[in-house]
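**Student:** In full-length UniProt numbering, the protein residues as written are 1 to 429.
My questions will all concern the structure given below.
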Amino acid sequence: MTGLDAPGGVTAGGPLDIDVIIVDGGRVLGRRGDGAVALPRLRLTEPWPPPSSQLPAAVATETGLRVALLAPLDSTLFTAEPVDGQPAGGYAWHDVAAFGAGPVRAWRHRPEPAGGPDWYRPGWFAAACAWLDETLAERGARRSGPVTQIRHWTTSTVLRAPTTAGAVFLKASLPVLTAEPRVIAELARSWPGAVPEVLADSPRHGWWLSADFGAQPPTRDAVAALRTLARMQTATIDRTDPLRAAGVPQLTLADLADRVPAVTRRAELWGAGGGVNLTGVAMWLQDRCAELDEFDLPLTLVHGDLHPGNVADGPDGPLLFDWSFARVSHPLLDLGGWLHAAPEAQARRQVDAYLDGWRQVAAPAELREAWRVAKPVAALAELVKFADLIDATGAGYEFDYLPMAGMWARRVLDAVAGRDEHLTGWRGV
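The structure is reproduced here in structure tokens:
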């Protein structure tokens, strides 16, 4: 549950400057200099993983405060609340007026966006820690150190806590994604070493607890990871009812084709591609969905957000985690996100290894041709996923998703134009 690789193809770069509005009782942390009061500004080496993975430690080093991150106002401005410590390094608490015009004033006058997750609200971190302590006590364990935020963005938040029984992770997700612990519990019946161990689940709170993996992502063995996925998928053919009962939704190729008209009408997803004939793009995509359906590969388990950062090299082999986006769908869709950053030589080797796991279902040549057809459909599935996340969280947080959506839209356009038809993976990697 600690995968911090870029989902869906976001690549790292840097550095990135982040301002943090730390609020305590209506006052804001700042440092006076040159006659003005300034917010803490942290320079992070990479914009991905999300700044949340680096921010808490950077804030503590800069200000002396241990904080819990709250809502981001955009990709370079976070709010936070103090958890422990005292201001240091010249920082002190100031009235809002001391900051003048700028981000603090904008924050005070900004209406709270609709659809924001619970973990963006003051007090959530303390409530989660209290539940964590109660749950540990019920299991005969206790915390042995502070709780830290290792992921905090609009889709989910992940906390890590050292305990007398080993490290544990608490994860909370958007309401549309909260079936994950039940899905993992179902998968663990057949593949206990290939998925996380769920220790506790609170549907009322929308959070759950898992044990430490015993390994850190990303995986160093992509071929083994894909072979594990193929084994799980082929074993799930005609056995998807328990997954549906656990809360896994179904997405057929016909369902995906039905989403195309609405997605191609959303100009914000297509960016510079807005000058393209998107009506023609829509028809082309629907034709590809129908063409892929003709291969008649069975619906089965699909991870939905598969990339090397969501796989750890566990003691029993590859361990696949972050099943938030699990679906009963077309198996080849998982290759789209997996190959997002794979150079072409690696992409060919990895796809061959994955398809080899399906050799009892279809002939190798047929499977390779199916992937050729499936590649733009997989890009469409990723685009739809991020469009749905924008809808689930509202326009106030679309900055978290538009870069990924735009990248998948460009890959769709590359496919329509035939710019990547000779590639197993993606153009520009």
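Every residue gets a Cβ at the ideal spot worked out from N, C-alpha and C, and that includes glycine.
In the segment 253-335, which residue ranges form an unbroken beta strand (DSSP E) of at least 3 residues, counting only runs that do not cross its ends?
**Tutor:** 300-302, 311-314, 317-320 and 327-329
**Student:** Going by other Cβ atoms of all chains shown within 10 Å of its Cβ, with 16 needed for buried, is Arg43 buried or exposed?
**Tutor:** exposed
**Student:** Could you check if Pro196 is buried or exposed, using at least 16 other CB atoms within 10 Å of its CB as the buried criterion?
**Tutor:** buried
**Student:** Identify the continuous alpha helix (DSSP H) that holds Phe125 and give its terminal residues.
**Tutor:** Trp124 to Glu138
**Student:** Using only CA atoms, which one of Gly406, Arg189 and Ala211 lies nearest to Val165?
**Tutor:** Checking the displayed sequence, the identity of residue 165 turns out to be Ala instead of Val. Of the listed residues, the one whose Cα sits closest to Ala165 is Ala211.
**Student:** Going by alpha carbons, who is nearest to Leu177 out of Gly304, Leu253 and Pro113?
**Tutor:** Gly304
**Student:** Once you ignore the five residues that flank Tyr91 on each side, which residues in its own chain have a CB closer than 6 Å to its CB?
**Tutor:** Taken in chain order, the residues that qualify are Leu29, Arg31 and Thr63.
**Student:** Using only alpha-carbon positions, find the residue among Ala235, Ala126 and Phe399 that is nearest to Leu269.
**Tutor:** Phe399
**Student:** Within the same chain, show all residues whose beta-carbon is closer than 7 Å to that of Asp334, passing over the 5 residues directly before and after it, in chain order.
**Tutor:** Leu229, Val302, His303 and Leu306
**Student:** Can you have a look at Asn310 and say buried or exposed, based on whether 16 or more other CB atoms are within 10 angstroms of its CB?
**Tutor:** buried
**Student:** Please work out which residues of its chain come closer than 6 Å, Cβ to Cβ, to Cys129, disregarding the five sequence neighbours upstream and downstream, and give them in chain order.
**Tutor:** Val147
**Student:** Taking Pro318 as the reference, give the member of Ala224, Trp153 and Phe125 with the closest Cα.
**Tutor:** Ala224
**Student:** Per DSSP, what kind of secondary structure is Asp391 in: helix, strand or coil?
**Tutor:** helix
**Student:** With a 10 Å radius around its C-beta and 16 neighbouring C-beta atoms as the bar for buried, classify Thr279 as buried or exposed.
**Tutor:** exposed
**Student:** Quick one: using the 10 Å Cβ neighbour count with 16 as the cut-off for buried, is Asp313 buried or exposed?
**Tutor:** Around the beta carbon of Asp313, a 10 Å sphere encloses 16 or more other beta carbons of the protein chains shown; the residue is thus reported as buried.
**Student:** Buried or exposed: His152, going by 16 or more other Cβ atoms within 10 Å of its Cβ?
**Tutor:** buried
**Student:** In its own chain, which residues sit with a C-beta less than 7 Å from the C-beta of Leu69, not counting the 5 before and 5 after it?
**Tutor:** Ser52, Leu55, Pro56, Phe78, Ala80, Gln149 and His152, listed in sequence order.
**Student:** Just reading off the beta strand (DSSP E) that Thr228 is part of, what are its end residues?
**Tutor:** Not the beta strand (DSSP E): Thr228 falls in the alpha helix (DSSP H), residues Ala222 to Thr236.
**Student:** Expressed to the nearest angstrom, what Euclidean distance is found between the alpha-carbon atoms of Arg410 and Ala257?
**Tutor:** 18 Å
**Student:** For Gln286 and Val260, what's the separation of their Cα atoms in angstroms?
**Tutor:** 7 Å
**Student:** Starting from Thr163, follow its DSSP beta bridges and name the residues at the other end.
**Tutor:** Arg143
**Student:** With distances taken Cα to Cα, identify the nearest neighbour of Ile22 among Leu73, Ile237 and Gly33.
**Tutor:** Leu73
**Student:** Does the separation of the CB atoms of Ala200 and Leu209 fall below 9 Å?
**Tutor:** yes
**Student:** Quick one: grab the DSSP three-state call for Ala101.
**Tutor:** coil
**Student:** Fully enclosed by the segment 175-219, which alpha helix (DSSP H) runs are 4 residues long or longer?
**Tutor:** If we require 4 residues or more, the alpha helix (DSSP H) runs fully inside the segment 175-219 come out as 180-188.
**Student:** Taking Cβ positions, are Val377 and Leu332 nearer each other than 9 Å?
**Tutor:** Their beta carbons are under 9 Å apart, which means Val377 touches Leu332 by this criterion.
**Student:** Please go through the same chain and pick out, in chain order, the residues whose beta-carbon is closer than 6 Å to the beta-carbon of Ala185, but skip the five residues on each side of it.
**Tutor:** Excluding positions up to five away in sequence, the list reads Val198.
**Student:** Measure from the alpha carbon of Leu226 to the alpha carbon of each residue in Ala194, His422 and Ser202, then state which is nearest.
**Tutor:** Ala194
**Student:** Would you identify the three-state DSSP class for Val83, choosing helix, strand or coil?
**Tutor:** strand
**Student:** Around the Cβ of Arg105, are there at least 16 other Cβ atoms within 10 angstroms (buried) or fewer (exposed)?
**Tutor:** exposed
**Student:** If you measure between the beta carbons of Leu251 and Leu292, is that distance less than 9 Å?
**Tutor:** no
**Student:** Mind reading off the beta-carbon distance from His340 to Leu297? Whole number of angstroms is fine, and I expect it under 8 Å.
**Tutor:** Not really, about 22 Å apart at Cβ, beyond 8 Å.
**Student:** What does a CB cutoff of less than 6 Å around Ala271 pick up in its chain, not counting 5 residues either side in sequence?
**Tutor:** A quick correction: the sequence has Gly, not Ala, at residue 271. Spatial neighbours of Gly271 in its own chain (CB-CB distance under 6 Å, excluding positions within 5 residues in sequence) are listed in chain order as Gly406.
**Student:** Please state whether the Cβ-Cβ distance between Trp338 and Ala222 is less than 9 Å.
**Tutor:** yes
**Student:** For Pro242 and Gly85, I'd like the C-alpha separation in whole angstroms.
**Tutor:** Going by the C-alpha atoms only, they are around 48 Å apart.
**Student:** Any idea what DSSP makes of Leu251, helix, strand or coil?
**Tutor:** coil
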